[in-house]
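Chemist: Structure in structure tokens, see below.
Chains as they are written, first to last, in the numbering used here: chain U, 1 to 653; chain C, 1001 to 1535.
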């Protein structure tokens, strides 16, 4: 069954090729939409079949399916080969499953767009690249997917290339696409160098080889500089793709793309690639405690910083974007403290509820005729009942209300941050969780409740078509119940051996890493875990209450508070001036150095000065020497005599 | 054998044939030129198919006496690297000829004569196995290129043409001096042959390691200067932006596509092969210049306002990777350099074609004049986009393979012994994205606000025919580069073996032994023996 894995990426590739070559001639949107969705659906079915066979017979080691040699020169040789194991199949199912729903949703959302086929071609290409990223059996193929999803992200952010988009030094949507690609490239630099170092150290780029060598030589590698450098470089790549500090700046601007893109790429799948890469190399990362701490600290800082920014944003998609950055921070904390399963679990539940939130936002934007400012919304509940209800489910999930999916995954992260990490880490995440629930319910209040603050004469909000609402409902179900796949052991109250199916499923993947980290497989029940759980539920409820009361009278109370804390508000509103800081300290100096020094001075004055100068020197020398060739015979005779005298005197003396 | 002759001489024959055509009959001239170049391409395909990639030596060897007193001969033959570059030449020439239709408006007959003559010279450079023959082809190229820039160029064409000419001639003169000295030294000191001179590349190559380092150093520098100017390596690059900007589109394509590769080809063929010890001595110096060039070219490209000048500076950056790969002196690095030469020829060639297309429509290359072209030229956007992304080095397209291998080679090189080269060079990958994407954004995306751009036409059928074949190879090399990598793998390994034997005493790879190559070389060396006994 696992042999079929090579067909998982094949269908979206086929879809991309068919749509890009023939899409222009297909006039019916339904056909294009069906081709695009079916390609992803087929991949999901295959992934699911492999999943079933794995569930029946769990493999001890990954199955590798090799297609052909990609690059080979000298000692270096790398294959296009896919790796079927619990981790890759899980990701593949999330990507194709959520991807399929978003494709279906897009049929409705993109209705009437002049480049309808182009949109679906790009989406299919994205799924293909994303599958390469997670199914690859070696770093280089992952890198192909890694850069490939970056390309699709670039193409889709700037999809409406003639539309303006506000931002720091951003005029067009394409500028936001550029920013995303370039910031990611900075991370890719780390990935690339990391890869070179891995090849030098392990003499291979195959995941199984590297993990094998690392696990077999734990004592030789543990906490060595080389492992720390390798993992930090890879982590730099992760901060780019998964929008963590210091490279988090691109994701909010990526909202320039159509909303399904934000849901698929910038919430559910691509941005979790960083988490995947670390999980895939868990045993390598576990070898460096320094790197693990760095990951946890970066994750926690990103989680809190992004959450605070989200509180003041008024663009419905920007709120969600900062929320994504913040939630990704949570996942990194999980990885950093060695709770790999918890991190992956949150990737999955986040894909459900954040995908749903974005699609819901898309539905709102669609119904509001492209309005995105929540200050101009309100009272949409009655116009969009399905959107409202599904949105509410997602909100409860992300806020961590018990029994919704986010509760299980986020709570597990909080617990491990405390038990494996430190109290400080827990505090930071708990505060971030408070803000999360707060900004989410602020969003809910301002969008769906209260007065209608838009021009009711001009805008007639309406519920979205079936193609859009059905995916919403499916995702709402998953957001509500997806958490039961990972019920913490403590909530089984010691009665069941396996409450956490996720942990059971991923056990073989993280076995080596857990051994290195000394994490025992057995469970104890701590009273503190129940206490912590209650505290975090209390936090969420408190935040919801605060948001409810603050935005109950539309915007009056919040305006007062803004006036009171003007500088603090300005700091948050301007995203801590991070963009401005980068432009002033990095971009501008490089630009002016390149322009006025390298080009206009060094190239044009120094090098060309020498070149043209030597030409002029020759020219003026020639002008001088030319006078000798006067054509007057007497002069020649004089010079000749002088010459003869010179030669004779040189010979004599 | 005959395929090699046809590939070399058919363009020369074509350019002579064109002289007899009535200049007003441009249609016939165009068709003939295109036909000749296509036939040449077919001949080179035969060459490709009958080439044995397992053989690390030169194949299709042919020798004829030429100037006996200098032991100079008409000696030709190809190995994997020369085959790939010849294929690149024969592949690009028909495309260049197609692109001349609108780009060249005056004296078209003469232009086509020049193009075919240029092809003859370029092919000659890549297959000469004789120092003097090589030098003649090398200098022959200057003539048509000088005229192509000087006659069919833009506003500042005379300055650019003369700058190009002087720069290159200064380099080649030093090479000539070194070449004469080398022939003389090998003939008298090492071979003791009758003429006291040899111009036979294969013989000199086999003797090369025994030339004392102090002599090698001088000759290395003389050859390297000539080649580095051609590449162009920082800081000898300032002729390139002028030449590119002023040259007509077909000239730029040939210049970027093939001509620059003569420099990097020479660095491998002559500097590494003939002066191995000196190469190790200077590897770090040249590599640092290459790395500087990568960053410098990228930074300066970033602030250009003229699209063509931007692409020209990007060449400086991209060829830095090639030179870095070469002087890593590892199989990965050199293989990467070779595939990068081909890749750069395709993707930068295509970029110049695309820039040419918008220039023909708007008669300006000023980035500020454009914006939002995607709306009126959707298909063109796809082509331009692919070329741009290939240049950025996106995995799955051709540029990545070469960049990755050269960086990997430099990273692990036992000759450079430092990771610093790769780490600094890899930042060039970031900058490549900056300047190319930014340019693309400003030209193609945004709203189409300039009235002059409202009614631009999309690519024509002819233009599509020019670009599609390049796209095919851009994707092919990106996904399955082994078709091409394996052609030069063994000749590269042979070179790396030679370097390893000198430095470490043992070869790195085991290679198949081919009798024919050995025999021929033995035959060539034989006449020297009796002379020694006479003395």
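C-beta atoms are modelled at their ideal positions from N, C-alpha and C, and glycine is treated no differently.
Return the CA-CA distance between residue 1046 (chain C) and residue 1278 (chain C), expressed in angstroms with no decimal places.
Modeler: As a position in the second chain, residue 1046 (chain C) is number 46, starting the count at 1. As a position in the second chain, residue 1278 (chain C) is number 278, starting the count at 1. Computed Cα separation, rounded: 38 Å.
Chemist: Any beta-carbon of chain U closer than 8 Å to the one on residue 1332 (chain C)?
Modeler: Position 332 of the second chain, counted from the start, is the residue given in the question as residue 1332 (chain C). Chain U, which has a Cβ nearer than 8 Å to the Cβ of residue 1332 (chain C), makes this yes.
Chemist: Measure the C-alpha to C-alpha separation of residue 100 (chain U) and residue 471 (chain U) and round it to an integer number of angstroms.
Modeler: As a working mapping, residue 100 (chain U) is identified with position 100 in the first chain. As a working mapping, residue 471 (chain U) is identified with position 471 in the first chain. About 9 Å.
Chemist: Which one of U:188, U:491, U:632 and U:77 has the shortest CA to CA distance from residue 1480 (chain C)?
Modeler: Along the second chain, read from residue 1 onward, the residue named residue 1480 (chain C) stands at position 480. Residue 1480 (chain C) has its Cα closest to that of U:77, out of U:188, U:491, U:632 and U:77.
Chemist: Pick out whichever of C:1389, C:1398 and C:1104 has its Cα sitting closest to the Cα of residue 1339 (chain C).
Modeler: Here the question's residue 1339 (chain C) lines up with position 339 in the second chain. Ranking the options by Cα distance to residue 1339 (chain C), first place goes to C:1398.
Chemist: Just reading off the alpha helix (DSSP H) that residue 297 (chain U) is part of, what are its end residues?
Modeler: On the first chain, residue 297 (chain U) is found 297 positions in, with the first residue counted as 1. Taken as a continuous stretch (DSSP letters only), the alpha helix (DSSP H) holding residue 297 (chain U) covers 289 to 312.
Chemist: What ranges does the alpha helix (DSSP H) occupy inside the region 1095 to 1172 of chain C, keeping only unbroken runs of at least 4 residues that lie completely in it?
Modeler: Those alpha helix (DSSP H) runs which fall completely within the region 1095 to 1172 of chain C and span 4+ residues are 1108 to 1127, 1131 to 1140 and 1142 to 1152.
Chemist: Report all residues from its chain with a CB closer than 7 Å to the CB of residue 961 (chain C); omit the five preceding and five following residues, and keep chain order.
Modeler: The structure shown has nothing for residue 961 (chain C), since chain C only spans 1001 to 1535.
Chemist: Quick one: which chain U residues come within Cβ less than 8 Å of residue 1389 (chain C)?
Modeler: Taking the first residue of the second chain as 1, we reach residue 1389 (chain C) at position 389. In chain order: 151.
Chemist: Can you tell me which residues form a DSSP beta bridge with residue 1235 (chain C)?
Modeler: On the second chain, position 235 is the one that residue 1235 (chain C) refers to. Paired residues: none, contrary to the question.
Chemist: Can you say whether residue 589 (chain U) is buried or exposed, counting buried as having 16 or more other CB atoms within 10 angstroms of its CB?
Modeler: Along the first chain, one-based indexing puts residue 589 (chain U) at 589. Under this definition residue 589 (chain U) is an exposed residue.
Chemist: For the region 596 to 608 of chain U, which residues have a beta carbon sitting closer than 7 Å to at least one beta carbon of chain C?
Modeler: Answer in chain order: 598, 599, 603, 607 and 608.
Chemist: State the DSSP-derived secondary structure class of residue 1006 (chain C), mapped to helix, strand or coil.
Modeler: Taking the first residue of the second chain as position 1, residue 1006 (chain C) is located at position 6. Residue 1006 (chain C): helix per DSSP, three-state reduction.
Chemist: Going along the chain, which residues of its own chain have a beta-carbon closer than 6 Å to the beta-carbon of residue 1080 (chain C), five neighbours each way excluded?
Modeler: Within the second chain, numbered from 1, the residue matching residue 1080 (chain C) stands at position 80. Once the five neighbours on either side are set aside, the close Cβ partners of residue 1080 (chain C) are 1487, 1488 and 1491.
Chemist: Which value, in whole angstroms, describes the spacing of the CA atoms of residue 483 (chain U) and residue 468 (chain U)?
Modeler: Numbered from its first residue, the first chain carries residue 483 (chain U) at position 483. Numbered from its first residue, the first chain carries residue 468 (chain U) at position 468. For residue 483 (chain U) and residue 468 (chain U), the distance between alpha carbons rounds to 24 Å.
Chemist: Identify whether residue 382 (chain U) lies in helix, strand or coil by the three-state DSSP scheme.
Modeler: Position 382 of the first chain, counting from 1, holds the residue named residue 382 (chain U). Residue 382 (chain U) falls in the helix class under three-state DSSP.
Chemist: Against residue 1238 (chain C), what residues of chain U qualify as contacts under a CB-to-CB distance less than 7 Å, listed in chain order?
Modeler: In the second chain, residue 1238 (chain C) corresponds to position 238, counting from 1. Chain U residues near residue 1238 (chain C): 603, 607, 608 and 611.
Chemist: Could you name the residues of the same chain whose beta carbon sits closer than 7 Å to that of residue 1366 (chain C), not counting the 5 residues immediately before and after it, in chain order?
Modeler: Position 366 of the second chain, counting from 1, holds the residue named residue 1366 (chain C). Closer than 7 Å at Cβ, skipping near neighbours: 1305 and 1306.
Chemist: Could you please tell me which residues of the region 1293 to 1312 of chain C, in chain order, have their CB closer than 7 Å to any CB of chain U?
Modeler: Result list: 1296, 1299, 1300, 1302 and 1303.
Chemist: Output needed for residue 552 (chain U): all residues of its chain with C-beta closer than 8 Å, excluding positions within five of it in sequence on either side, in chain order.
Modeler: For the purposes of this step, residue 552 (chain U) is taken as the residue at position 552 of the first chain. Closer than 8 Å at the Cβ level, and outside the excluded window around residue 552 (chain U), lie 445 and 450.
Chemist: Do you know how far the Cα of residue 304 (chain U) is from the Cα of residue 372 (chain U)?
Modeler: As a working note, residue 372 (chain U) is residue 372 in the first chain. As a working note, residue 304 (chain U) is residue 304 in the first chain. Going from the Cα of residue 372 (chain U) to the Cα of residue 304 (chain U) covers about 24 Å.
Chemist: Could you tell me which uninterrupted alpha helix (DSSP H) segments, each at least 4 residues in length, are contained entirely in the region 119 to 175 of chain U, listed from first to last along the chain?
Modeler: Complete alpha helix (DSSP H) runs here, min 4: 139 to 157.
Chemist: Let me know the secondary structure DSSP gives residue 22 (chain U) once reduced to three states.
Modeler: Start at 1 with the first residue of the first chain, and residue 22 (chain U) comes out as number 22. Residue 22 (chain U) falls in the helix class under three-state DSSP.
Chemist: Would residue 1253 (chain C) and residue 1308 (chain C) be called neighbours here (beta carbons separated by less than 8 Å)?
Modeler: Start at 1 with the first residue of the second chain, and residue 1253 (chain C) comes out as number 253. Start at 1 with the first residue of the second chain, and residue 1308 (chain C) comes out as number 308. No, the Cβ-Cβ distance between residue 1253 (chain C) and residue 1308 (chain C) is not below 8 Å.
Chemist: Spell out the partners DSSP gives residue 1075 (chain C) in its beta bridges.
Modeler: Taking the first residue of the second chain as 1, we reach residue 1075 (chain C) at position 75. Its beta-bridge partners are C:1063.
Chemist: Pick out whichever of U:367, U:337 and U:332 has its Cα sitting closest to the Cα of residue 259 (chain U).
Modeler: By 1-based counting over the first chain, the position of residue 259 (chain U) is 259. With distances taken between Cα atoms, residue 259 (chain U) lies closest to U:367.
Chemist: Just to confirm my understanding: we take residue 1205 (chain C), look at its own chain, exclude 5 residues before and 5 after, and list those with CB closer than 7 Å. What are they?
Modeler: Walking along the second chain from the start, residue 1205 (chain C) turns up at place 205. Closer than 7 Å at the Cβ level, and outside the excluded window around residue 1205 (chain C), lie 1273 and 1274.
Chemist: If the criterion is Cβ atoms closer than 8 Å, does the pair residue 1247 (chain C) and residue 1153 (chain C) meet it?
Modeler: Position 247 of the second chain holds residue 1247 (chain C). Position 153 of the second chain holds residue 1153 (chain C). Yes; because the gap between Cβ atoms is below 8 Å, this pair is in contact.
Chemist: At a cut of 8 Å, does the region 76 to 94 of chain U reach the region 106 to 118 of chain U through at least three beta carbon pairs?
Modeler: No, the region 76 to 94 of chain U does not touch the region 106 to 118 of chain U.
Chemist: At a Cβ cut of 9 Å, what residues of the region 160 to 182 of chain U count as close to chain C, listed as they run along the chain?
Modeler: Within the region 160 to 182 of chain U, the residues whose Cβ lies closer than 9 Å to some Cβ of chain C are 161, 162, 163, 164, 171, 172, 173, 174, 175, 177, 178, 181 and 182, listed in chain order.
Chemist: So with CB distances below 7 Å, who are the chain C contacts of residue 147 (chain U)?
Modeler: Working through the first chain from its first residue, we reach residue 147 (chain U) at position 147. The contacting residues are 1394 and 1395.
Chemist: Buried or exposed for residue 1089 (chain C), going by 16 or more other Cβ atoms inside 10 Å?
Modeler: Within the second chain, the letter at position 89 stands for residue 1089 (chain C). Buried, by the Cβ-count rule.
Chemist: Using a Cβ-Cβ distance under 8 Å, would residue 1533 (chain C) count as near chain U?
Modeler: Taking the second chain and counting its residues from 1, the one referred to as residue 1533 (chain C) is at position 533. Residue placement at residue 1533 (chain C) cannot be trusted, given a pLDDT of 37 that sits under 50; what the coordinates show is reported in the next sentence. No - not a single Cβ of chain U is within 8 Å of the one on residue 1533 (chain C).
Chemist: Per DSSP, residue 77 (chain U) forms a beta bridge with which residues?
Modeler: Counted from its first residue, the first chain places residue 77 (chain U) at position 77. BP columns for residue 77 (chain U) point to U:72.
Chemist: CB residue 486 (chain U) to CB residue 502 (chain U), shorter than 8 Å?
Modeler: The residue you call residue 486 (chain U) lines up with position 486 of the first chain. The residue you call residue 502 (chain U) lines up with position 502 of the first chain. Against a cut-off of 8 Å, the Cβ pair of residue 502 (chain U) and residue 486 (chain U) comes out as a contact.
Chemist: Beta-carbon within less than 8 Å of residue 143 (chain U)'s beta-carbon, same chain only, minus the 5 sequence neighbours each way: which residues are those?
Modeler: One-based indexing of the first chain puts residue 143 (chain U) at position 143. Within the same chain, residue 143 (chain U) has close Cβ partners 188, 191, 192 and 195.
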